[in-house]
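The working numbering numbers the first residue of the sequence shown as 91 and each following residue consecutively. Quick reminder that beta carbons are idealized off the backbone N, C-alpha and C, glycines included.
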Amino acid sequence: MEKSVSIKILVVDDNPTDLLILEAMLRRQNYQVVSSSNGLDALATFNEQQPDIVLLDVLMPGIDGFEVAKRIKNKVGEEFIPIIFLTSLQDDDSLARCLDAGGDDFISKPYS
């Protein structure tokens, strides 16, 4: 009998294929997964679902991942909610911007 993991992960990506792949990978590891396809929906889902970790795409239309991360970090205050950016950006300035926006780490796309 597999042990159930109680960690809830919010996955945010505007690319439907990337979103489905990452959701499937995480569910296979028995994580609870909630997802959003844009920044505005991600903020609402974060407030409703109160995830333990956020996996956040950087480049999205409307509210980008940088702004979503800032708003989440502002909302939680001193509480530690890890934000891991999902990005195809490779330059040092963009990666530094991920961390400056409140990200705790990043995963380069494509991921496996």
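- [ ] Pick out the complete beta strand (DSSP E) segments inside the segment 162-198, 3 residues or longer, and give them in chain order.
- [x] Whole beta strand (DSSP E) segments, 3+ residues: 173-177 and 195-198.
- [ ] Go ahead and label D183 buried or exposed: buried means 16 or more other beta carbons lie within 10 angstroms of its beta carbon, across all protein chains shown.
- [x] That one is exposed.
Open item on the list: Could you check whether the segment 129-148 touches the segment 159-177, counting it as contact only if at least three pairs of C-beta atoms, one from each stretch, sit closer than 8 angstroms?
Closed with: Contact holds: three or more Cβ-Cβ distances are below 8 angstroms.
Task: For M91, three-class secondary structure by DSSP - done: Low per-residue confidence applies at M91: pLDDT is 48, beneath 50, and the placement is therefore not dependable, though the value from the model is reported in the following sentence. Look at M91 here: in three-state DSSP terms it is coil, with no helix or strand label.
Open item on the list: Looking only at its chain, what residues have a beta carbon closer than 6 angstroms to the beta carbon of P106, apart from the 5 residues adjacent to it on each side?
Closed with: The answer is none, since no qualifying residue turns up.
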